[in-house]
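Chemist:
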Amino acid sequence: MDISVVIVSYKSEHLIIKNIEKFNKNTRIFVIENAEDKTLKEQIENKFRNVKVILNKNRGFGQAANLGAELAKTKYIFFCSPDNIISNNCFQKLEKIADDLNDKFSLLVLSNQKDYTDRLKKVEEVEGISCFLIKKDSFSNISGFDENFFLYYEDIDLVKRLLNNNNNIYKIPVKYHSEGASHNKRYNYPLELNRNWHYMWSKFYYIKKHKGYFFSLILTLPFFLRSIFKMIYNFNNPEKRNIYYARFSGLLNSYRLKKSWYRPNLKIK
């Protein structure tokens, strides 16, 4: 297929090579390295001639994915995270499905073990996606990912906008295996804080974007109040208290229409 692969990496040095090795050596791969790890760039590019590593200041998944899509000059773009390991003959299967559909689709969603489908299934409701093939024209026509999202909901927002523009999306019987998390486990706690902050910020922003401020406020207020209660309840447990504070802070900043400013407190080694 006329295809490029885009992988957004952040502290994923333990997985990224395993991921790349599953692809054909003639497939063009762009790794957008949000941790700006020069050692990892050198290691990958010395090992794989078909891979280009872009050192990128971390502005979130959406911005990095859009950068990769801009670099890709092919008809199709395949997006996957470092922890999404494709099955054997994945692209041959994708090519056959594209032919069977007479190329009348915009996006094909791969299935993991939990949501595997043994048949082609048209997606008509908004849902999250992780590992997928998209036509570059379809991606560009809706201006790619919304870069206001730093983390979470950018994929759901992409699907919603594609469906709103009458694009055909299919969940397909092609598997990928998820390793569970794309980052090194030694960063679990600071990234857990990061995830909780951005999950709540993005939740409010997504609903506000598509249904308005007031509706989003009503839907997220229970999460906001619960985070306050949990902070008080876990007063003597600093780690749990900080997690709920992150949720509280993410929502509060979103309520105040602040940009998604929080960043994980990690030192680049």
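Just so you know, we're using our numbering here: the sequence shown kicks off at -12 and counts up by one.
Glycine included, every Cβ here is placed at the ideal spot set by N, Cα and C.
Going by beta-carbon coordinates alone, are Asn99 and Cys77 separated by less than 9 Å?
Modeler: Cβ distance not < 9 Å, so Asn99 and Cys77 don't count as in contact.
Chemist: If I measure Cβ to Cβ from His164 and keep anything under 6 Å in the same chain, skipping five residues before and after, which residues do I get?
Modeler: Result list for His164: Ile72, in chain order.
Chemist: The alpha helix (DSSP H) with Leu97 in it runs from where to where?
Modeler: Where Leu97 is concerned, there is no enclosing alpha helix (DSSP H), although the beta strand (DSSP E) it sits in stretches over Leu94 to Ser98.
Chemist: Rounded to a whole number of angstroms, what is the C-alpha to C-alpha distance between Arg148 and Asn223?
Modeler: C-alpha separation (whole angstroms): 44 Å.
Chemist: If you draw a straight line from the C-alpha of Asp(-11) to the C-alpha of Ile219, how long is it?
Modeler: If you take the alpha carbons of Asp(-11) and Ile219, they lie about 55 Å apart.
Chemist: With a CB to CB cut of under 8 Å and the five nearest residues on each side skipped, what residues in its chain are close to Lys227?
Modeler: Cβ within range, chain order: Lys217 and Asn221.
Chemist: Quick one: residues in its chain with C-beta nearer than 8 Å to the C-beta of Ile255, no 5 flanking neighbours on either side, listed in chain order?
Modeler: Because Ile255 sits at a pLDDT of 41, beneath the cut-off of 50, its placement in the model cannot be relied upon, and the following sentence gives the value as read from the coordinates. Ala22, Glu23 and Asp24.
Chemist: On the premise that Val96 lies in contact with Tyr139, defined as a C-beta separation below 8 Å, what is that separation, rounded to the nearest angstrom?
Modeler: Not quite, the Cβ-Cβ distance comes to about 18 Å (not below 8 Å), so this is no contact.
Chemist: Could you check the C-alpha separation between Asn128 and Phe210 for me, to the nearest Å?
Modeler: Going by the C-alpha atoms only, they are around 35 Å apart.
Chemist: Apart from the five residues on each side of it in sequence, which residues of its chain come closer than 8 Å, Cβ to Cβ, to Pro177?
Modeler: Correct list, in chain order: Pro251, Asn252 and Leu253.
Chemist: Measure from the alpha carbon of Glu20 to the alpha carbon of each residue in Asn89, Lys108, Ala51 and Asn6, then state which is nearest.
Modeler: Among Asn89, Lys108, Ala51 and Asn6, the Cα nearest to that of Glu20 is on Ala51.
Chemist: For Glu20, report the span of its beta strand (DSSP E) as first-last.
Modeler: Looking at the DSSP string, the run of the beta strand (DSSP E) that includes Glu20 is Arg15 to Glu20.
Chemist: Would you kindly work out how many angstroms separate the C-alpha atoms of Asp105 and Gln79, rounded to a whole number?
Modeler: Taking the straight line from one Cα to the other gives about 17 Å.
Chemist: Please list the terminal residues of the continuous alpha helix (DSSP H) segment that includes Ile116.
Modeler: No alpha helix (DSSP H) holds Ile116; DSSP gives it neither H nor E.
Chemist: Measuring CB to CB, does Ile31 end up less than 9 Å from Ile7?
Modeler: Yes.
Chemist: With 16 as the cutoff for other CB atoms within 10 Å, does Leu212 come out buried or exposed?
Modeler: With fewer than 16 Cβ atoms within 10 Å of its Cβ, Leu212 is classed as exposed.
Chemist: Where do the ends of the alpha helix (DSSP H) carrying Ile31 lie?
Modeler: Lys25 to Lys34 is the extent of the alpha helix (DSSP H) around Ile31.
Chemist: Here's a check: name, in chain order, each residue in its chain whose Cβ is nearer than 6 Å to the Cβ of Ser74, leaving out the five neighbours to either side.
Modeler: Hits under 6 Å: Lys162.
Chemist: If distances are taken between C-alpha atoms only, which option among Tyr63, Ile215, Leu208 and Asn155 comes closest to Leu88?
Modeler: Closest option to Leu88, Cα to Cα, is Asn155.
Chemist: Taking all protein chains shown into account, do 16 or more other C-beta atoms lie within 10 angstroms of the C-beta of Gly237, making it buried, or fewer, making it exposed?
Modeler: With 16 or more Cβ atoms within 10 Å of its Cβ, Gly237 is classed as buried.
Chemist: Exposed or buried, what is Ser130 when buried is set at 16 or more other beta-carbons lying within 10 Å of its beta-carbon?
Modeler: With fewer than 16 Cβ atoms within 10 Å of its Cβ, Ser130 is classed as exposed.
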